[in-house]
Each structure stands twice: as C-alpha cells, then as structure tokens.
Amino acid sequence: MRLKSMILASVLVPSALAPLALMPTAASAQDTSVNGRIDRLEQEVRALQRKVFPGGSDRYFEPEIQAQQQPSRVPGTSTDASAVTNLMTRVDALEAQLASLTGQVEERGYQMRQMETKLSALQDRIARLESAPPAAAPAVEEEANPAPAPSAASKPAAATKPSAVTNTGRAQAVAAIEKPSTGDGAEDSYIYGYRLWEAGFYPEAQAQLAKTVKDYPKYSKMSYARNLLGRAWLDDKKPATSAQYFLENYQKDPRGDRAPDSLYFLGVALTDLNKKSEACQAYAELADVYPDIASGRLASRVTSGKAKANCK
C-alpha cells in the first residue's frame with residue numbers, strides 16, 4: 013500500500029544513504045514523524061467510530077492496535093528493523109479498520125434512504141385515507157337497530173330521558189377518575205390521560221393526552237404520551253386517526269421508548285383499514301430498525317399482527 017511505501021521510504025532509504033555516524037539521529041527523527049502519522053490515522057478511526065456508533069454504545073470499540081510504550085534502546089541497534097515492522101503492522105490494522113468503518117457508514121446511509129422512502133409512502137397513504145369520504149357505517153348500524161315508532165301517547169320529553177341519564181352517569185364516572193397532583197404538571201397530565209384510557213373513557217383520554225402533547229413538548233415521556241394517544245384512537249375504533257399519531261411518534265422520535273410500539277400499532281391500524289400490504293411494510297420496518305425488540309418484547313404481538321395481515 014502507498015502508506016506502507018511512505019513508511020519504508022521515510023525510515024529505510026535515508027538510513028541507507030546517510031553517513032554511518034548520523035544513523036541514530038536520523039532513525040529517531042523518522043520514528044517521530046511516522047508516529048505522528050500513525051496518531052493522525054488513529055484519530056480518524058475514532059472519528060469514524062463515533063459517526064457509526066454515536067452515543068458511545070456498547071458496539072463502540074477502540075482500535076485493535078494500540079500505541080505501545082517504546083522500550084528504551086540504544087539508537088542504531090538491530091531493534092530499528094523491529095520498530096519498522098511494528099509500525100507497518102499498526103498501519104495495516106488501521107487501514108483495515110478505516111475500510112471497514114467506511115463500508116459501515118455507506119451501508120447505514122443506504123438503509124436510512126430506504127427508511128425515508130418507506131415512511132414517505134406510508135405518509136401518502138395515510139393522508140389519502142384521512143381525506144377520503146367517511147364510510148356509511150353509522151347509517152348501517154341505525155338500520156340494523158331501528159328505533160321503535162313512538163306511540164301517540166308518548167311524550168317527546170320521555171325519549172330524551174335515557175340519553176340524559178346515560179350522559180350524567182358517564183360524567184360522574186369520569187369525574188370519579190382521580191387526578192394526580194404531584195407538582196409535576198407534565199407527569200400528572202399524562203398519568204390522568206392514562207387512567208382515563210385504562211378505564212375505557214377513550215374520547216376523554218384523547219382530549220387529555222392531546223393536551224399533554226401540546227402543553228408539554230419537552231416532556232421526558234413524550235414518546236409514551238404520543239403512543240398512548242394513538243392507542244386511545246385505535247381502541248375507539250378510529251384506526252385512520254390512530255395511524256397518523258403512531259407514524260408521527262415514530263418519525264419525530266425514532267429513539268423514543270415507545271417508537272417500536274408505535275410501529276407495531278401502525279401495522280394493526282393499517283390492517284384494520286384493510287391496508288394489509290402497508291401493514292406488512294410497517295412490521296418489516298419494525299424488524300429492520302428494532303430487531304432486538306421485534307424478536308423479544310414484541311415478538312408474540314408482531315407474529316399475531318403479521319398473521320392477520322397475511323404477511324409473508
């Protein structure tokens with residue numbers, strides 16, 4: 013390699029041409045120059061490592077060849093050849109690491125471009141679903157359960173009493189849900205929304221969680237709040253709206269604690285919308301981006317979801 017040739021030229025050739033009396037001084041100066049180049053190479057390797065493995069993850073590693081303390085020796089002895097050999101070995105290792113890390117950077121860039129393409133396609137489909145005219149499901153339900161014809165003796169006010177009683181009972185049940193008061197506004201807001209969702213009051217949970225997301229944009233558990241907001245809509249049988257929130261949570265914070273869950277529930281929502289091909293894309297994205305979670309904590313759910321979507 014060219015770098016090895018430079019080292020050989022800088023260390024061996026001057027030693028052969030210089031007068032024998034100056035050999036120790038020249039070898040020492042050349043060692044210093046080569047070591048400087050080696051140090052620069054090691055710095056480049058570390059920079060690439062930080063780019064490939066940001067945040068100091070457990071995949072971060074130091075160069076395989078570390079700079080070693082040079083033993084004290086008498087200049088001009090036979091150890092000069094050994095020092096050159098050691099330097100060449102270090103250069104070989106550094107060049108191999110640079111090539112490997114460069115390849116990983118290029119591969120990561122390719123994966124990110126693919127991910128952006130898939131997300132853009134999902135966004136377009138969800139936008140079309142949101143803009144499509146609503147299905148006539150309510151009309152079908154009314155026909156399936158027609159209201160009895162009022163009798164001549166019926167009073168108009170009597171027909172409104174059951175609804176009023178139902179609304180009053182629901183309001184009382186919602187009011188019975190305890191509102192936390194810990195002094196942490198964001199946490200209290202989220203926990204109250206969670207309790208509403210857990211009790212099955214989905215519209216109230218939707219309003220509360222939307223308020224949490226809006227009022228506390230820097231909330232440490234924002235990934236949880238957005239994901240639960242999507243679930244409140246999904247459990248309320250509104251998959252199109254829920255899909256929008258799940259996709260938003262994944263896109264805005266792909267490293268969030270509930271980003272993998274949002275991808276899974278996005279697949280569920282798309283399946284409910286009979287968009288099974290898109291649902292399979294969401295499950296595939298989950299496996300690509302979060303392989304450990306897809307095959308671990310969410311494994312059984314993903315398997316069930318893929319089966320419902322007829323994913324291959």
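Residue numbers for the sequence shown follow my numbering, so the first one is 13 and each next one is one higher. Using N, Cα and C, we set each Cβ at its ideal position, and we do this for glycine too.
Selection from the options that minimises the alpha carbon distance to residue i
i      : options                        : result
Ser254 : Asp265, Arg267, Tyr228, Leu282 : Leu282
Asp227 : Ser312, Ala198, Arg49          : Ala198
Cys323 : Asn179, Arg238, Asp304, Gly279 : Gly279
Gln256 : Ser274, Arg270, Asp269, Gly268 : Ser274
Asp51  : Leu106, Leu60, Ala93           : Leu106
Tyr206 : Ala187, Tyr231, Lys233, Leu240 : Leu240
Val103 : Arg58, Ile203, Tyr204, Arg49   : Arg49
Ala319 : Leu113, Pro303, Ser289         : Ser289
Ala244 : Ala183, Gly121, Ala222         : Ala222
Arg325 : Ser112, Ala93, Arg120          : One cannot answer for residue 325 here, as it falls past the ends of the chain, which runs 13 to 324.
Thr101 : Thr129, Asp196, Asn47          : Asn47
Cβ-based neighbour list, residue i, same chain, cut-off 6 Å, excluding 5 preceding and 5 following
i      : result
Val301 : none
Asp269 : Ser235
Ala161 : Summary for Ala161: the model assigns pLDDT 37, below 50, so the residue's position carries little reliability; its value from the coordinates is reported in the next sentence. Around Ala161: no qualifying Cβ.
Ser312 : none
Tyr231 : Ala198
Lys191 : Tyr204
Leu310 : Tyr276
Pro168 : Its pLDDT being 42, under 50, Pro168 is placed unreliably by the model, and the measurement read from it follows with that caveat. Hits under 6 Å: none found.
Val177 : Because the pLDDT of Val177 is 49, which lies under 50, any placement of that residue in the model is unreliable, and the number read from its coordinates should be weighed accordingly. So no residue of the chain qualifies.
Tyr122 : none
Residue i vs residue j beta-carbon contact at 8 Å
i      : j      : result
Ser235 : Gln220 : no
Leu208 : Val117 : no
Leu110 : Glu56  : yes
Gly242 : Phe277 : yes
Leu99  : Gln293 : no
Whole-angstrom C-beta distance between residue j and residue i, which should lie under 8 Å
i      : j      : result
Leu298 : Pro266 : Between Pro266 and Leu298 the Cβ distance is about 11 Å, and since that is not below 8 Å, they are no contact.
Ala291 : Ala321 : 4 Å
7 Å Cβ shell around residue i - same chain, five flanking residues per side excluded
i      : result
Ala211 : Ile189
Arg238 : Val225, Tyr257, Glu260, Asn261
Ser193 : Asp200
Asn179 : none
Gln263 : Leu131
Val314 : Tyr276, Tyr295, Leu298, Ala306
Lys233 : Tyr202
Met124 : none
Asp304 : none
Distance cut-off 7 Å: residue i Cβ against heavy atoms of the ligand GDP
i      : result
Asp304 : This structure simply doesn't include the ligand GDP, nor any ligand for that matter.
Own chain partners of residue i with C-beta closer than 8 Å, once the 5 adjacent residues on each side are dropped
i      : result
Ala185 : Ala211, Phe213
Arg182 : Phe213
Ser316 : none
Thr114 : Leu60
Pro146 : The pLDDT assigned to Pro146 is 46, lower than 50, so where the model puts this residue is not dependable; a value taken from the coordinates is nonetheless given after this. So the list is empty, once near-sequence residues are dropped.
Ser94  : none
Asp196 : none
Pro229 : none
If contact is defined by three or more beta carbon pairs under 8 Å, each pair taking one atom from either stretch, is the region 237 to 252 in contact with the region 212 to 227? yes
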